[in-house]
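Note sheet for the following structure.
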Amino acid sequence: MKKFLDLGLQPLANSYIKKKSIKLNEKKFKLVVGFNPKNYLVSILNTVPKEKMFNKDYPYKSSESKTMQKSFRDLAKKLKKVYEPKFVIEIGSNDGAFIKNFNRHTVVGVEPCKNLARITQKQNYKTYAEYWSPKLSQKITKNKKADLIYSANTLSHIKNFNEIFKAIEYALSNKGILVLEDPSLLECLKNGAYDQFYCEHIYVFSTIALEKVLNKFNLEIFDIENTNTHGGSNRYFIKKKSNNFYKIKNNVNKEIDKEKKFGLHKYSTYKKFSTRVKESKKKLLNIFKKLKSKKLKIIGYGATAKSCTVLNFCGIGPKSIDYFYDTTSFKINKYLPGSKIEIKKYKKLSIKDVDIVFLGAWNFKEEIFKKERTFIKQGGKFITHVPYPKVL
Ligand code: JHZ
2 MKKFLDLGLQ
12 PLANSYIKKK
22 SIKLNEKKFK
32 LVVGFNPKNY
42 LVSILNTVPK
52 EKMFNKDYPY
62 KSSESKTMQK
72 SFRDLAKKLK
82 KVYEPKFVIE
92 IGSNDGAFIK
102 NFNRHTVVGV
112 EPCKNLARIT
122 QKQNYKTYAE
132 YWSPKLSQKI
142 TKNKKADLIY
152 SANTLSHIKN
162 FNEIFKAIEY
172 ALSNKGILVL
182 EDPSLLECLK
192 NGAYDQFYCE
202 HIYVFSTIAL
212 EKVLNKFNLE
222 IFDIENTNTH
232 GGSNRYFIKK
242 KSNNFYKIKN
252 NVNKEIDKEK
262 KFGLHKYSTY
272 KKFSTRVKES
282 KKKLLNIFKK
292 LKSKKLKIIG
302 YGATAKSCTV
312 LNFCGIGPKS
322 IDYFYDTTSF
332 KINKYLPGSK
342 IEIKKYKKLS
352 IKDVDIVFLG
362 AWNFKEEIFK
372 KERTFIKQGG
382 KFITHVPYPK
392 VL
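End of the sequence shown sits at 393 in our numbering; the numbers just go up one at a time, nothing left out.
This is the structure in structure tokens:
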């Protein structure tokens, strides 16, 4: 593993702090990112035990944005039409944004964060509040194999995926397909989106790396879609190699060529990215300095896990950002980890209350700009750090 990016000491990205604990010391870990030239995997070097991150208090809910709801709805519609699955499993079903588009009798969710699993259980969707494992796979699919296994923004969170793929191989019917969706390394690098790296994102995948992983488990990619979600993701359609029901589409090789052309197989590409990240930090801090010298009021929008990386890497705190707005009940009235900036219940933006807004949820820029068009008309501005720090 060759290190290329040091994002400093970081707290756990989704460990929002309660007011009563604000003075307590938070556990921090070194966030360093490396590239493995043998298998092309890009991963963080120090990992945190999964139980410390994904437990009964997990605060992130997929349904919190209209963009994600629509993305899951459209995908479910397409999967039903094209693949006609009779039995579907979602690994990492979160608050049900995907499974709720299926008939309750045809889908099961797997969600180890008990507070989230409870949401879909209450809606009568069969949900296993457990980590996906070979044992669970056997329990669910002993008598009936899955025609479709879907997993979004989950594989990148799992350190040892050997067990995971063994469990998938077992659960999948011979004609069945696995659809994985995770942030694209290519888009992350193009966007200068270093905030895709935090404790939960153990990997940010490229196609060239994922292909090698899948190969070990007799699985192969037969189709790819580039999606706009989470700042640019890839949706991989995967099958068993023995499954001749689907042909490998040309776009798989096209994606691989695109990634190689960009240099995702070369360490020098990552070193260049690291230089860009250092410059990004300087530019962002300069922007804040200039705006604060004019006594402008800045708040944050979307207390994301990604924001944790940016704020702690750049050393931005409550002196620069008064507070963040977020719609998620689990985050409101708490404080962002490390930076200790307060999170308030979302209120429509108005120039009467705030001058400039730091886009923590930059990946939902379009949705947010639409929602805040009055503020924009009033002359309100936004700060973003992707692809380069600037005021919008
Ligand atoms: P969002 C999380 O990352 C964590 P985060 C996780 N590790 C992962 O991989 C991705 O999700 C998928 C709020 N919001 O999606 C809601 C508003 O307040 O960028 C969320 O708190 N108003 C599992 O946290 C946050 O912003 C709005 O209008 O980086 C968005 O978080 C909108 C659109 C969002 O993921």
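Here a beta-carbon is modelled for each residue, glycine too, at the ideal position from N, C-alpha and C.
Inter-stretch contact (C-beta, 8 Å, three-pair minimum) for the region 41 to 54 and the region 62 to 77: no
Using the DSSP secondary-structure output, state which residues sit across from residue 382 in a beta bridge. Start at 1 with the first residue of the sequence shown, and residue 382 comes out as number 381. Beta-bridge pairing links residue 382 to 357.
Between residue 390 and residue 281, is the Cβ-Cβ spacing less than 7 Å? Along the sequence shown, one-based indexing puts residue 390 at 389. Along the sequence shown, one-based indexing puts residue 281 at 280. Cβ atoms of residue 390 and residue 281: closer than 7 Å.
I need the straight-line Cα distance from residue 199 to residue 309, nearest angstrom please. For this step, residue 199 is matched to residue 198 along the sequence shown. For this step, residue 309 is matched to residue 308 along the sequence shown. Per the coordinates, the alpha-carbon of residue 199 lies some 8 Å from the alpha-carbon of residue 309.
Shortest alpha-carbon distance to residue 369 belongs to which of 349, 246, 387 and 206? Position 368 of the sequence shown, counting from 1, holds the residue named residue 369. Distance from the Cα of residue 369 is smallest, within the candidate group 349, 246, 387 and 206, for 349.
Can you check whether the CB of residue 347 is closer than 7 Å to the CB of residue 328? Position 327 of the sequence shown, counted from the first residue, corresponds to residue 328. Position 346 of the sequence shown, counted from the first residue, corresponds to residue 347. Closer than 7 Å, so yes.
Just tell me which of 336, 101, 190 and 345 has its CA closest to the CA of residue 268. On the sequence shown, position 267 is the one that residue 268 refers to. The option with the nearest alpha carbon to residue 268 is 190.
What is the DSSP secondary structure of residue 147, counted as helix, strand or coil? Here the question's residue 147 lines up with position 146 in the sequence shown. Of the three classes helix, strand and coil, the one that applies to residue 147 here is strand, per DSSP.
Assuming the contact rule is C-beta atoms closer than 8 Å, residue 336 and residue 18 should be a hit. Round their C-beta distance to whole Å, please. Locating residue 336 in the sequence shown gives position 335, counting from the first residue. Locating residue 18 in the sequence shown gives position 17, counting from the first residue. Right, their Cβ atoms sit about 4 Å apart.
Terminal residues of the continuous alpha helix (DSSP H) containing residue 209? Residue mapping note: residue 209 aligns to position 208 of the sequence shown, counting from 1. Start and end: 208 to 216.
In or out: residue 351 buried (at least 16 other Cβ within 10 Å) or exposed? Taking the first residue of the sequence shown as position 1, residue 351 is located at position 350. So residue 351 ends up on the exposed side.
Leaving out five residues before and five after residue 33 in sequence, what residues of the same chain have Cβ atoms less than 8 Å from its Cβ? As a working note, residue 33 is residue 32 in the sequence shown. Exclusion of the five residues before and after residue 33 leaves 4, 6, 7, 8, 45, 46 and 47 as the residues of its chain whose Cβ lies within less than 8 Å of its Cβ.
Determine which residues share a DSSP beta bridge with residue 220 and list them. Reading the sequence shown from its first residue, position 219 is the one you call residue 220. As DSSP reads the structure, residue 220 sits in a beta bridge with 241.
Return the residue from the list 166, 150, 381 and 12 that minimises the CA-CA distance to residue 25. Walking along the sequence shown from the start, residue 25 turns up at place 24. Cα-wise, what sits closest to residue 25 is 12.
Hey, would you say residue 238 sits closer than 7 Å to residue 218, going by beta carbons? As a working mapping, residue 238 is identified with position 237 in the sequence shown. As a working mapping, residue 218 is identified with position 217 in the sequence shown. Contact flag unset, no.
Between the CA atoms of residue 215 and residue 291 - distance to the nearest angstrom: Position 290 of the sequence shown holds residue 291. Position 214 of the sequence shown holds residue 215. About 49 Å.
For residue 160 and residue 324, I'd like the C-alpha separation in whole angstroms. The count along the sequence shown starts at 1 and reaches residue 160 at position 159. The count along the sequence shown starts at 1 and reaches residue 324 at position 323. Computed Cα separation, rounded: 33 Å.
Can you have a look at residue 58 and say buried or exposed, based on whether 16 or more other CB atoms are within 10 angstroms of its CB? Stepping through the sequence shown from its first residue, residue 58 is reached at position 57. Residue 58 comes out exposed.
Residue 109, enclosing beta strand (DSSP E) - first and last residue: If you number the sequence shown from 1, residue 109 lands on position 108. Per DSSP, residue 109 belongs to the beta strand (DSSP E) from 108 to 111.
From what residue to what residue does the beta strand (DSSP E) around residue 343 run? By 1-based counting over the sequence shown, the position of residue 343 is 342. That run of the beta strand (DSSP E) goes 343 to 346.
Considering only the alpha carbon of each residue, which of 122, 231 and 227 lies closest to residue 255? As a first step, residue 255 must be located in the sequence shown, where it is residue number 254. Closest by alpha carbon: 227.
Runs of 4 residues minimum, wholly inside the region 229 to 280: which ones carry the alpha helix (DSSP H) assignment? 251 to 263
Considering only the alpha carbon of each residue, which of 304, 320, 37 and 381 lies closest to residue 334? As a first step, residue 334 must be located in the sequence shown, where it is residue number 333. Relative to the Cα of residue 334, the nearest Cα in the group 304, 320, 37 and 381 belongs to 304.
Buried or exposed: which applies to residue 141, given that a residue is buried once 16 or more other Cβ atoms fall within 10 Å of its Cβ? The residue given as residue 141 occupies position 140 in the sequence shown. Per the 10 Å Cβ criterion, buried.
What does the alpha-carbon distance come out to for the pair residue 316 and residue 393? To locate residue 316, count along the sequence shown from 1; it is residue 315. To locate residue 393, count along the sequence shown from 1; it is residue 392. About 22 Å.
Taking 7 Å as the cut-off, decide whether the C-beta atoms of residue 150 and residue 169 are in contact. Position 149 of the sequence shown, counted from the start, is the residue given in the question as residue 150. Position 168 of the sequence shown, counted from the start, is the residue given in the question as residue 169. The answer is yes: Cβ separation under 7 Å.
Using a threshold of 6 Å, is the CB atom of residue 66 nearer than that to any non-hydrogen atom of the ligand JHZ? Against the sequence shown, residue 66 aligns to sequence position 65. Yes, the Cβ of residue 66 comes within 6 Å of a heavy atom of the ligand JHZ.
Please work out which residues of its chain come closer than 7 Å, Cβ to Cβ, to residue 147, disregarding the five sequence neighbours upstream and downstream, and give them in chain order. The residue labelled residue 147 in the question sits at position 146 within the sequence shown. Taken in chain order, the residues that qualify are 88, 89, 90, 172, 173, 174 and 177.
Close beta carbons around residue 121, own chain, < 8 Å, minus the five adjacent residues each side: Residue mapping note: residue 121 aligns to position 120 of the sequence shown, counting from 1. Here the set comprises 94, 96, 97, 100, 101, 110, 112 and 128.
Can you find a heavy atom of the ligand ATP that lies under 6 Å from the Cβ of residue 147? With respect to the ligand ATP, the structure shown offers nothing to examine, as its ligands consist of the ligand JHZ.
Contact defined as beta carbons within less than 8 Å: I believe residue 260 pairs with residue 156. What is the distance between those atoms, to the nearest angstrom? Your numbering for residue 260 matches position 259 in the sequence shown. Your numbering for residue 156 matches position 155 in the sequence shown. Not quite, the Cβ-Cβ distance comes to about 17 Å (not below 8 Å), so this is no contact.
Grab me the residues of residue 130's own chain with a C-beta within less than 7 Å of its C-beta, minus the 5 sequence neighbours each way, in chain order. Taking the first residue of the sequence shown as 1, we reach residue 130 at position 129. Taking residue 130 as the centre and dropping the five residues before and after it, the same chain places the C-beta of 112, 113, 115 and 118 closer than 7 Å to its C-beta, in chain order.
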